[in-house]
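Trainee: Would you mind keeping the following structure in view while I ask a few things?
Number of protein chains: 2
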Amino acid sequence: MNKKSLAILLRARIMPNNSSKLAVSPLPNAVHKILSKSQHPASKNGNKPPREFEHVRDSMHLAISMNKTEVMDAVLNDFSEGYFSLSYENRRRLLLVLAKEYDLNRTQVRELIKQYLGVSGEDAQSAGPGEDGVPATFYRIERNLRHALKPMYEALFERLNMHPGGLKVLSSLRADILYILAEENIASLRALDSYLKEKLSTWLSPAALELHQITWDDPASLLEKIVAYEAVHPISNLLDLKRRLGVGRRCFGYLHPAIPGEPLIFIEVALLKNVAQTIQEVLWDDPPIPECEATCALFYSISSTQPGLAGINLGRFLIKRVITLVKRDMPHVSTFATLSPIPGYTQWLLSKLASQSKLAEVEDCSQSSADRSGCTFQENLLEPEEEKALMDLSEEISAGKNGMEVMWNLLTSRNHEWSNSAKLLSVLKPPLLRLCVRYLLQEKKRGKALDSVANFHLQNGAMIERINWMADLSDKGLHQSAGIMVNYVYRLENIEEYAQSYFSTGHIHASDDIHSYVKPLKEHEVMTDQRG
Amino acid sequence: MNKKSLAILLRARIMPNNSSKLAVSPLPNAVHKILSKSQHPASKNGNKPPREFEHVRDSMHLAISMNKTEVMDAVLNDFSEGYFSLSYENRRRLLLVLAKEYDLNRTQVRELIKQYLGVSGEDAQSAGPGEDGVPATFYRIERNLRHALKPMYEALFERLNMHPGGLKVLSSLRADILYILAEENIASLRALDSYLKEKLSTWLSPAALELHQITWDDPASLLEKIVAYEAVHPISNLLDLKRRLGVGRRCFGYLHPAIPGEPLIFIEVALLKNVAQTIQEVLWDDPPIPECEATCALFYSISSTQPGLAGINLGRFLIKRVITLVKRDMPHVSTFATLSPIPGYTQWLLSKLASQSKLAEVEDCSQSSADRSGCTFQENLLEPEEEKALMDLSEEISAGKNGMEVMWNLLTSRNHEWSNSAKLLSVLKPPLLRLCVRYLLQEKKRGKALDSVANFHLQNGAMIERINWMADLSDKGLHQSAGIMVNYVYRLENIEEYAQSYFSTGHIHASDDIHSYVKPLKEHEVMTDQRG
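Chain order of the listed sequences is G and E. The numbering used here applies: residue 761 is where the first sequence begins, and numbers increase by one. The numbering used here applies: residue 761 is where the second sequence begins, and numbers increase by one.
In structure tokens, the structure reads:
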């Protein structure tokens, strides 16, 4: 590929350049938001006026109610094109029409239910059961009931799935639906979403996905998508992209045959001598080591390109297949690890600090014994020596009534000023690391790790190996996890066992190093309570 | 590819040679039958004794009841391997266990039904409806009911679909199921089959299928499958195969990413100057014409490789895509036609001849006016001059009380002797052609053409163009349609319209030439009746 022309392409726009394609493309959330709100840019083409709502509604009706024929293709194309020409407001209207007016036929359902109860009543008394105890009429009515319980919009979904390009339209529809649901909770639309999600996850079987190694020889139309959708560590320029596809690096994507030329999800891998501790050494390292010297494959970024496929875990299968592939091609690589962000850490920590520091202010939580349920149990998040170090700072740098308040003030200071001061760093490091391990290892939601990335890797069978201080100095890294990153490790011989025990008991496997943060040698009552 | 080695390969065995693969391969019906009945040939490998039924049953149970984890892959592999090691009798037992013991939870269904009726009763009187008139609880109960109505075996299907190689296992399972159902009608197994068929057809979306042009450069493992599965005009030797992939010929297959290296269905195309009248000229013609002189693309064979996908119409999409592709690459090709067998003609004709000739024997069908429904309406299938010509033969060659009996006797003579006599051919030709048109054009089943191949092309939007005498002189051709073949033509500008009208009214489009057979200039009462 011509380097200059790709550079121009990337400079000109980070998004696909064909505006009609753009509409069908699943957009990263932010872009999606902006685009959806405004009129669709296809109007720039000048040759097609935006379709009227009524027209699209009619073609949607046809697509659902027509009997199967060859004409269906034209109808589905018409609907898809029309849908993408609508304004955000009209898309929303249309989706609500779909959810409400193309729902179940409840009269039919009730009719069949009565038949069913009738037959099962008869059966109980007389009626010769079939050869296997269940009369054949049962199967018939159950089948009819099953069909009657399918909403009418199922026809639209099924037909789009069959139609070239239709799966992508469905993914875009769902992205819009999720966007609407994030703003308002509409029961009918939520039911439609859960139905569509179920359909999409059965259609996107990992067995039908193709693992493709993305290289510098791939078409620019595919590479620009890697640039556009890299969500973890944005690709800053052409050189950055080329390095991520070059020697010592790998990039693998999952392609679905019905959504050609665009990976649904992709993973970036660095071949290293040791598990990296900072993202800086991965993204801006010295010339990479010779690949034959690598012993570690480090997964440093996983990005999914389709907001409409949210909740459908394709990454799990991708990681497994990539490990198998790398192991086959490079038998000397024996460590498979990640260098992962901890997206929820700061947010969790700040809210903990705020509530605990307020409680501490009240000095004496008088109700605590009588009405403990309404009052968060008071706990000093800090160890005595951490508290002292922070309070010592209080006088010179940051005011605060207690250690937690000082910490809160420091962490929320503008431009992460704390990260530029050696003194502040040395004071903050112990509590930030220790509480980070507590967050990863002990904070749960419905028995699973609270942190979404942790939950993702743990359910795939990884263990927590190490946390790394000052590992991501980007704004985003400082903001979401105070610059801390974590290495998860996939040990081939334990993957199944770890996944299984995490699934059934919520147990999180972690290295001794990790455990040492939350098991200080001196017994400490609060932390002991927490460990149980 | 090395010619000699492929020749050896093809001579050695026409079926894939890896016996463990063989088991998973969907086999052509005949082979399937033989293999399934006997012990599985994997035992030839000598290293693995056939698994016990109980073991496979246990792994099936695990595959259905386990919660989603990484271990699932191992369980599914174990089940698949075990299944294929079972004898036919044990496979049958296992499938019945699956159908009966992993059916619905009917107690749960009845429980939810009561809840549903309760809520809909409340709703009618009081209960504030949601923002759209339907209370949110409705959606919840409907969703639960929908899930409860899924048989437990759905989990096995869904999981196999997700699993590499699993789709092929499912297709093999269904081939076995269809084989059992052809022998005995078991309600629970029929319900399971209809459930599985629905699943398979949604998973095998044509949008996910890849159109692949099969050439002599393809791997032998793929080519041997073309040889093994060609169902219409068997491939006799290596030269035959090579010619079907060479100059003036095309072969296209649909590949599914989850069933790699094996087309689900393939179509063979000849590039010709005119629409061929006989299969002989397609299969054993002189050197093919230069491709630039071709104006006609003739589809002379469509074969599906998966008996387990019976009833799932993949051919429709294949034909459409092949037409589009050929038109793009060869704009000078303007005619898209088939040279098709008429698989049901002789069978239909013989049964008609037998019943009518018996009726004619009774001379006076005394009940016919009083109880016509129980008695097939008497009709001489032959025109007066045809009757006379056949009765003239009667004295010298074949005995018979009337023309229809003579005809029946001739057609059922050993080794199709009639086809070797110029005299018999000249006498049989007019009624055989005329009745063939009647069969194609007027004999319906539920409003659709009785002949399966006719129904296939007509629903795809083709029209009947021409019937050809002595067009297939193979044993199979003489046996199934007295050597007659038919050209269906796809006219791009009419495909959608024809498909639509055939679908909605059963109307069959045909050329004037075809109509002339059944509209003789002399009005004839019986045929006029039939035409209505």
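No residue lacks a Cβ here, since even glycine has one placed at the ideal position from N, Cα and C.
Do the CB positions of E/Phe-813 and E/Arg-853 come within less than 9 angstroms of each other?
Mentor: As a working mapping, residue 813 of chain E is identified with position 53 in the second sequence. As a working mapping, residue 853 of chain E is identified with position 93 in the second sequence. Yes. Within cutoff.
Trainee: Are the C-beta atoms of E/Val-784 and some chain G residue less than 9 angstroms apart?
Mentor: Indexing the second sequence from 1 puts residue 784 of chain E at position 24. Residue placement at E/Val-784 cannot be trusted, given a pLDDT of 35 that sits under 50; what the coordinates show is reported in the next sentence. For E/Val-784, the answer is no, since every Cβ of chain G falls outside 9 angstroms of its Cβ.
Trainee: Out of curiosity, what's the CA-to-CA distance linking E/Leu-960 and G/Val-1246?
Mentor: Residue mapping note: residue 960 of chain E aligns to position 200 of the second sequence, counting from 1. Residue mapping note: residue 1246 of chain G aligns to position 486 of the first sequence, counting from 1. Spanning the two alpha carbons is a distance of roughly 42 angstroms.
Trainee: Does the Cβ-Cβ distance between E/Cys-1056 and E/Val-1093 come in under 9 angstroms?
Mentor: Here residue 1056 of chain E refers to the residue found at position 296 of the second sequence. Here residue 1093 of chain E refers to the residue found at position 333 of the second sequence. Going by C-beta atoms, E/Cys-1056 is nearer than 9 angstroms to E/Val-1093.
Trainee: Please name the residue or residues paired with G/Phe-1059 in a DSSP beta bridge.
Mentor: On the first sequence, residue 1059 of chain G is found 299 positions in, with the first residue counted as 1. Answer by DSSP bridge pairing, in chain order: G/Val-1029 and G/Thr-1098.
Trainee: Compare the C-beta of E/Thr-1098 with all C-beta atoms of chain G and state if any pair is closer than 9 angstroms.
Mentor: Taking the first residue of the second sequence as 1, we reach residue 1098 of chain E at position 338. With 9 angstroms as the cut-off, E/Thr-1098 does not count as an interface residue toward chain G.
Trainee: For a contact meaning CB atoms closer than 9 angstroms, what does E/Thr-962 contact in chain A?
Mentor: Of the protein chains in this structure, namely G and E, none is chain A.
Trainee: Spell out the partners DSSP gives G/Leu-1015 in its beta bridges.
Mentor: As a working mapping, residue 1015 of chain G is identified with position 255 in the first sequence. G/Glu-970, per the DSSP bridge assignment.
Trainee: Between the region 839 to 856 of chain E and chain G, which residues of the former have CB atoms less than 9 angstroms from a CB of the latter, in chain order?
Mentor: Here the close residues are Leu-856.
Trainee: Can you tell me where the alpha helix (DSSP H) with E/Tyr-989 in it begins and where it stops?
Mentor: As a working note, residue 989 of chain E is residue 229 in the second sequence. That run of the alpha helix (DSSP H) goes 980 to 989.
Trainee: Chain G beta carbons: is any one of them nearer than 9 angstroms to that of E/Ser-954?
Mentor: Position 194 of the second sequence, counted from the first residue, corresponds to residue 954 of chain E. Closer than 9 angstroms to some Cβ of chain G, the Cβ of E/Ser-954 qualifies, so yes.
Trainee: In terms of residues, what are the limits of the alpha helix (DSSP H) holding G/Tyr-913?
Mentor: Numbered from its first residue, the first sequence carries residue 913 of chain G at position 153. Element bounds for G/Tyr-913: 913 to 922.
Trainee: Please list the residues of the region 1009 to 1038 of chain E that have a C-beta atom closer than 8 angstroms to any C-beta atom in chain G, keeping them in chain order.
Mentor: Going along the region 1009 to 1038 of chain E in chain order, one finds His-1016, Pro-1017 and Ala-1018 with a Cβ nearer than 8 angstroms to chain G.
Trainee: Tell me which same chain residues have a C-beta within less than 8 angstroms of the C-beta of G/Leu-1001, skipping the five on either side of it?
Mentor: Stepping through the first sequence from its first residue, residue 1001 of chain G is reached at position 241. Correct list, in chain order: Leu-770, Leu-983, Ile-986, Val-987 and Ile-995.
Trainee: Spell out whether any CB of chain G is found under 9 angstroms from the CB atom of E/Asn-827.
Mentor: The residue given as residue 827 of chain E occupies position 67 in the second sequence. Answer yes: the Cβ-Cβ gap between E/Asn-827 and chain G drops below 9 angstroms somewhere.
Trainee: Could you tell me the distance, in whole angstroms, from the CA atom of E/Thr-1265 to the CA atom of E/Met-1223?
Mentor: On the second sequence, position 505 is the one that residue 1265 of chain E refers to. On the second sequence, position 463 is the one that residue 1223 of chain E refers to. When rounded, the distance between both Cα atoms is 15 angstroms.
Trainee: Whose C-beta lies closer than 6 angstroms to the C-beta of G/Ile-1062 among residues of the same chain, with five residues either side of it excluded?
Mentor: What you label residue 1062 of chain G is simply residue 302 of the first sequence in a count that begins at 1. Taken in chain order, the residues that qualify are Ile-1027 and Gly-1075.
Trainee: Mind checking if E/Val-894 is an interface residue toward chain G, Cβ cutoff 9 angstroms exclusive?
Mentor: Here residue 894 of chain E is taken as the residue at index 134 of the second sequence, counted from 1. With 9 angstroms as the cut-off, E/Val-894 counts as an interface residue toward chain G.
Trainee: Got a sec: which bits of the region 1213 to 1227 of chain G sit with their beta carbon under 8 angstroms from any beta carbon on chain E, in order along the chain?
Mentor: Residues passing the 8 angstroms Cβ filter: Asn-1220 and Gly-1221.
Trainee: Pull up the CB-CB distance for G/Arg-903 and E/Ser-954, whole angstroms please, since I reckon it's below 8 angstroms.
Mentor: Along the first sequence, one-based indexing puts residue 903 of chain G at 143. Along the second sequence, one-based indexing puts residue 954 of chain E at 194. So it is a contact: roughly 7 angstroms between Cβ atoms.
Trainee: Determine the extent of the alpha helix (DSSP H) in which E/Arg-851 is found, giving its start and end residues.
Mentor: In the second sequence, the residue the question calls residue 851 of chain E occupies position 91. 848 to 861 is the span of the alpha helix (DSSP H), which, as asked, contains E/Arg-851.
Trainee: Could you confirm whether any beta carbon from chain E is found closer than 9 angstroms to the beta carbon of G/Ile-1274?
Mentor: Here the question's residue 1274 of chain G lines up with position 514 in the first sequence. By this cut-off, G/Ile-1274 is not an interface position.
Trainee: From the DSSP output, read off the bridge partner residues of E/Met-1223.
Mentor: For the purposes of this step, residue 1223 of chain E is identified with residue 463 of the second sequence, where counting begins at 1. E/Met-1223 is bridged to E/Val-1249.
Trainee: What does a CB cutoff of less than 8 angstroms around E/Arg-1226 pick up in its chain, not counting 5 residues either side in sequence?
Mentor: Counting from one through the second sequence, the residue named residue 1226 of chain E turns up at place 466. So the list reads Val-1035, Gln-1037, Val-1246, Asn-1247, Ser-1271, Asp-1273 and Ile-1274, once near-sequence residues are dropped.
Trainee: If you run the structure through DSSP and keep just helix, strand and coil, what is G/Glu-932?
Mentor: Taking the first sequence and counting its residues from 1, one reaches residue 932 of chain G at position 172. Strictly speaking, residue 932 of chain G in this sequence is Ser, with Glu absent from that position. Here G/Ser-932 sits in helix by DSSP.
Trainee: Name the DSSP bridge partner or partners of G/Asn-718?
Mentor: There is no way to answer for residue 718 of chain G, as the model of chain G reaches only from 761 to 1292.
Trainee: Quick check: what's the CA-CA separation for E/Leu-1170 versus E/Asn-1228?
Mentor: Numbered from 1 along the second sequence, position 410 holds the residue referred to as residue 1170 of chain E. Numbered from 1 along the second sequence, position 468 holds the residue referred to as residue 1228 of chain E. Distance between the alpha carbons of E/Leu-1170 and E/Asn-1228 is about 20 angstroms.
Trainee: If the cut is a Cβ gap below 8 angstroms, which residues of chain G does E/Gly-1163 touch?
Mentor: Residue numbering aside, residue 1163 of chain E sits at position 403 when the second sequence is read from its first letter. Residues of chain G passing the Cβ test: none, with the nearest at roughly 42 angstroms.
Trainee: What residue does the alpha helix (DSSP H) around G/Lys-959 start on, and which one ends it?
Mentor: As a position in the first sequence, residue 959 of chain G is number 199, starting the count at 1. Segment 947 to 963, the alpha helix (DSSP H) holding G/Lys-959.
Trainee: Can you list, in chain order, the residues of its chain whose CB lies under 7 angstroms from that of G/Asn-1175, leaving out five sequence neighbours each side?
Mentor: Within the first sequence, the letter at position 415 stands for residue 1175 of chain G. Closer than 7 angstroms at Cβ, skipping near neighbours: no residue.
Trainee: For E/Pro-1103, which option in E/Gln-1202, E/Glu-1147, E/Gln-1116 and E/Leu-1210 has the closest C-alpha, if you only look at C-alpha atoms?
Mentor: Stepping through the second sequence from its first residue, residue 1103 of chain E is reached at position 343. Out of E/Gln-1202, E/Glu-1147, E/Gln-1116 and E/Leu-1210, E/Leu-1210 has the C-alpha closest to the C-alpha of E/Pro-1103.
Trainee: Roughly how many angstroms lie between the CA atoms of G/Trp-976 and G/Leu-1005, to the nearest whole one?
Mentor: To locate residue 976 of chain G, count along the first sequence from 1; it is residue 216. To locate residue 1005 of chain G, count along the first sequence from 1; it is residue 245. Their backbone Cα atoms lie some 6 angstroms apart in a straight line.
Trainee: Taking the straight line between their C-alpha atoms, what separation do you get for E/Gly-1237 and E/Phe-1263?
Mentor: Numbered from its first residue, the second sequence carries residue 1237 of chain E at position 477. Numbered from its first residue, the second sequence carries residue 1263 of chain E at position 503. Cα to Cα, the separation comes out at about 29 angstroms.
Trainee: On a CA-only basis, which of E/Asp-1235, E/Val-1213, E/Thr-867 and E/Ser-840 is nearest E/Tyr-1060? Give me that one, please.
Mentor: One-based indexing of the second sequence puts residue 1060 of chain E at position 300. Closest option to E/Tyr-1060, Cα to Cα, is E/Val-1213.
Trainee: Report back the beta-carbon spacing between G/Arg-1198 and G/Val-1278 to the nearest angstrom; my notes put them in contact at under 8 angstroms.
Mentor: Here residue 1198 of chain G refers to the residue found at position 438 when the first sequence is read from its first residue. Here residue 1278 of chain G refers to the residue found at position 518 when the first sequence is read from its first residue. Confirmed, Cβ separation roughly 6 angstroms.
Trainee: Helix, strand or coil for G/Asn-1215 per DSSP?
Mentor: Walking along the first sequence from the start, residue 1215 of chain G turns up at place 455. Residue state, collapsed to three classes: helix.
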